[in-house]
């Protein structure tokens, strides 16, 4: 069982900024996130998309915002437990206990839940061969626009993100 002063569930932008404030108060903390890297949805789905609603930045790439948040929290030496989902949260006396999907147990005096949309799965079409071609022709997000330059691309989707990606790839 590993102990810190605070556990921040979620390492997206809100979680990273919460960690910054925890560090400013001289407390030890751990980020716990089911995704393999910090940044949440911004890193997983939109790293090369501009964000327009962050104070102080008329526009900023999602990856640059995440990079800045990770850099901002780094001096406080956070512990990152990535690729690990919080399964249970219980209170035991004056401590909280978080059990994870990897079988780890962490304790802390406080827990901040900044889970955002949490771990997410793409909506698959169910087309024959789709699963086998994931990452080799079938993608659910544009992580690097350069991978698609000079190629014919078909975007399938019924929401705003499909239109956003089509415009982003122009």
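Residue numbers (this note's numbering): 1 to 170. Ideal Cβ positions, reconstructed from N, Cα and C, are used throughout, including at glycine.
> How about residue 37 and residue 82: do their beta carbons lie closer than 8 Å?
Replying inline: As a first step, residue 37 must be located in the chain shown, where it is residue number 37. As a first step, residue 82 must be located in the chain shown, where it is residue number 82. For residue 37 and residue 82, yes; Cβs fall inside 8 Å.
>> So, at 7 Å on beta carbons, what are the nonlocal neighbours of residue 54 in its own chain, with the 5 sequence-adjacent residues on each side left out?
In response: As a first step, residue 54 must be located in the chain shown, where it is residue number 54. Taken in chain order, the residues that qualify are 60, 65.
> Leaving out five residues before and five after residue 182 in sequence, what residues of the same chain have Cβ atoms less than 8 Å from its Cβ?
Replying inline: Residue 182 cannot be examined here, being either before or after the span of the chain that is shown, 1 to 170.
> Does the Cβ of residue 160 have 16 or more other Cβ atoms within 10 Å, making it buried, or fewer, making it exposed?
Replying inline: Here residue 160 refers to the residue found at position 160 when the chain shown is read from its first residue. The residue in question, residue 160, is exposed, as its Cβ has fewer than 16 Cβ neighbours within 10 Å.
>> With DSSP as the reference, identify every bridge partner of residue 52, one or two as the case may be.
In response: In the chain shown, counting from the first residue as 1, residue 52 sits at position 52. The partner list for residue 52 (beta bridge, DSSP) is empty, contrary to what the question assumes.
>> Applying the 10 Å Cβ sphere with the 16-neighbour rule, what's the burial state of residue 39?
In response: For this step, residue 39 is matched to residue 39 along the chain shown. Looking at its Cβ environment, which holds 16 or more other Cβ atoms inside 10 Å, residue 39 is buried.
> Between residue 136 and residue 49, what straight-line distance do the alpha-carbon atoms span, to the nearest angstrom?
Replying inline: Position 136 of the chain shown, counted from the start, is the residue given in the question as residue 136. Position 49 of the chain shown, counted from the start, is the residue given in the question as residue 49. Here the C-alpha atom of residue 136 lies approximately 22 Å from the C-alpha atom of residue 49.
> DSSP beta-bridge partners for residue 2?
Replying inline: On the chain shown, position 2 is the one that residue 2 refers to. Its beta-bridge partners are 106.
> Below 8 Å, can you find three or more Cβ-Cβ pairs linking the region 103-117 to the region 128-148?
Replying inline: Contact fails between the region 103-117 and the region 128-148, because fewer than three Cβ pairs, one in each stretch, are under 8 Å apart.
> Taking the C-alpha atoms as reference points, what is the distance between residue 171 and residue 7?
Replying inline: Outside the shown range of the chain, which is 1 to 170, sits residue 171, and nothing can be said about it.
> Distance, Cα to Cα, residue 166 vs residue 51?
Replying inline: As a first step, residue 166 is located in the chain shown; it is residue number 166 there, counting from the start. As a first step, residue 51 is located in the chain shown; it is residue number 51 there, counting from the start. Distance from the CA atom of residue 166 to the CA atom of residue 51, rounded to whole angstroms, is 16 Å.
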